[in-house]
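Q: Take a look at this one; I'll ask things after.
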Amino acid sequence: MGGFHNNQILWTELLPGGHHWSGRIQKGAVLQLKALSENANVSLFCVNAEDKLERYNMPDSLKGQHTAYLTAGNVLYSDLGRAMASIVQDDHAWSDTFCGASRPEQIAKQFGICAFQDARNEMYQSGLDGLLVEMAKFALSRTDLSATVNLFSKVTPNDAGELSYVLSDNTDQVIELRFEMDCLVFLSAAPHGLDCSDAYTPSDIQLSLFKANALGESDICRDSCPQNQRAFQNNARYYALSNI
Numbered sequence: 001m002g003g004f005h006n007n008q009i010l011w012t013e014l015l016p017g018g019h020h021w022s023g024r025i026q027k028g029a030v031l032q033l034k035a036l037s038e039n040a041n042v043s044l045f046c047v048n049a050e051d052k053l054e055r056y057n058m059p060d061s062l063k064g065q066h067t068a069y070l071t072a073g074n075v076l077y078s079d080l081g082r083a084m085a086s087i088v089q090d091d092h093a094w095s096d097t098f099c100g101a102s103r104p105e106q107i108a109k110q111f112g113i114c115a116f117q118d119a120r121n122e123m124y125q126s127g128l129d130g131l132l133v134e135m136a137k138f139a140l141s142r143t144d145l146s147a148t149v150n151l152f153s154k155v156t157p158n159d160a161g162e163l164s165y166v167l168s169d170n171t172d173q174v175i176e177l178r179f180e181m182d183c184l185v186f187l188s189a190a191p192h193g194l195d196c197s198d199a200y201t202p203s204d205i206q207l208s209l210f211k212a213n214a215l216g217e218s219d220i221c222r223d224s225c226p227q228n229q230r231a232f233q234n235n236a237r238y239y240a241l242s243n244i
């Protein structure tokens, strides 16, 4: 661990299971997410911090990299063909991109209803509601939210194309995202929408930020396919003036 950053923590923060977080992550930083118990899920959405109309684009990310899920070596594309973040480490080896953030009705059906009035911060919350709370802090709303990446979560299809959530013990698993542009990042640690657990026990997530190492002559994400190289070239043009 640590081959993509300097191992010196700039800040660290606990994201409690079921809760949500947002912040600005700068280009050249690595955000590390560590699951502290089983049943981890983190729904992630991000936008360009300088132009909030540029957002993570799931269809282009999958089509360009010829994959149905994201893991180490993959890149999150924006809808303008630029690299937003690279997955440089993924102990879970599979992040769901199809299902989106869990919805209130999914959480209520699986776990029941536990409202803030009754449980305060121990309430049951959906990924959608958590993300919208955080997005509102940056003047974004439901209409701005598209597909998310569900970190630590794997779904598989059957012969009819129906998706099922794969239960796993995520304890101590780490995912690291190297940011290739300044992003507003929105996270929810609520359960996955297809989570079939008996109880509402989402894992706490330890967030840590590091300074990324400079890209070398070869890079696990940039050079994993020609389309990723083009996305990084688009970034180089976008940030050309900032390098003068």
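Quick note, the sequence shown lines up with residues 1 to 244 if you use the UniProt record's numbering.
Even for Gly, the Cβ is constructed at its ideal location relative to N, Cα and C.
Does the distance from the CB of alanine 231 to the CB of tyrosine 77 come in under 7 angstroms?
A: yes
Q: How many angstroms separate the CA atom of glutamate 156 from the CA atom of isoleucine 113?
A: The displayed chain sequence assigns threonine, not glutamate, to residue 156. Each residue's Cα considered, the two are about 27 angstroms apart.
Q: For glutamine 229, I'd like the list of residues in its chain whose CB is within less than 7 angstroms of its CB, leaving aside the five on either flank, ordered along the chain.
A: Arg222 and Asp223
Q: Per DSSP, threonine 156 is paired with what?
A: Ser164
Q: DSSP beta-bridge partners for asparagine 150?
A: Ser43 and Asp96
Q: In or out: isoleucine 9 buried (at least 16 other Cβ within 10 Å) or exposed?
A: exposed
Q: Quick one: is glycine 18 buried, meaning 16 or more other Cβ sit within 10 Å of its Cβ, or exposed?
A: Of the other Cβ atoms in all chains shown, 16 or more fall within 10 Å of the Cβ of glycine 18; this residue is therefore buried.
Q: What does the Cβ neighbour count give for lysine 34, buried or exposed, with the cut at 16 atoms within 10 Å?
A: buried
Q: Residues in its own chain within less than 6 angstroms of leucine 128 by CB, not counting five upstream and five downstream?
A: Ala101 and Arg103, listed in sequence order.
Q: Classify aspartate 172: buried if its beta carbon has 16 or more other beta carbons within 10 angstroms, exposed otherwise.
A: exposed
Q: Can you give the Cα-Cα distance for glycine 64 and leucine 70, rounded to whole angstroms?
A: The straight-line gap from Cα to Cα measures roughly 12 angstroms.
Q: Nearest to leucine 140 by CA position, among Tyr238, Glu54 and Pro191, is which residue?
A: For leucine 140, the closest C-alpha among the options Tyr238, Glu54 and Pro191 is that of Glu54.
Q: Please classify methionine 1 as buried or exposed, where buried requires at least 16 other C-beta atoms within 10 Å of its C-beta.
A: In this prediction, methionine 1 has a pLDDT of 41, which is less than 50 and means its spatial position is unreliable; what the coordinates show is noted afterwards. With fewer than 16 Cβ atoms within 10 Å of its Cβ, methionine 1 is classed as exposed.
Q: Can you tell which of Leu163, Pro191 and Asn57 has its C-alpha closest to the C-alpha of alanine 84?
A: Going by the sequence as given, residue 84 is methionine instead of alanine. For the residues Leu163, Pro191 and Asn57, the minimum Cα distance to methionine 84 belongs to Asn57.
Q: Let me know the secondary structure DSSP gives glycine 3 once reduced to three states.
A: coil
Q: Under the DSSP definition of a beta bridge, which residues are partnered with asparagine 57?
A: Paired residues: none, contrary to the question.
Q: Quick check: the Cα distance between isoleucine 175 and asparagine 41, rounded to an integer number of angstroms?
A: The straight-line gap from Cα to Cα measures roughly 11 angstroms.
Q: Excluding the five sequence neighbours on either side, which residues of its own chain have a C-beta within less than 6 angstroms of the C-beta of isoleucine 107, listed in chain order?
A: Tyr124 and Ser126
Q: Since leucine 14 is in the alpha helix (DSSP H), which residue starts that stretch and which ends it?
A: Element bounds for leucine 14: not the alpha helix (DSSP H) but the beta strand (DSSP E), 11 to 15.
Q: Here's a check: name, in chain order, each residue in its chain whose Cβ is nearer than 7 angstroms to the Cβ of asparagine 6, leaving out the five neighbours to either side.
A: Phe210, Lys211 and Asn213
Q: By Cβ distance, which residues of its chain are closer than 6 angstroms to asparagine 234, with the 5 residues on each side in sequence left out?
A: Gly81 and Arg82
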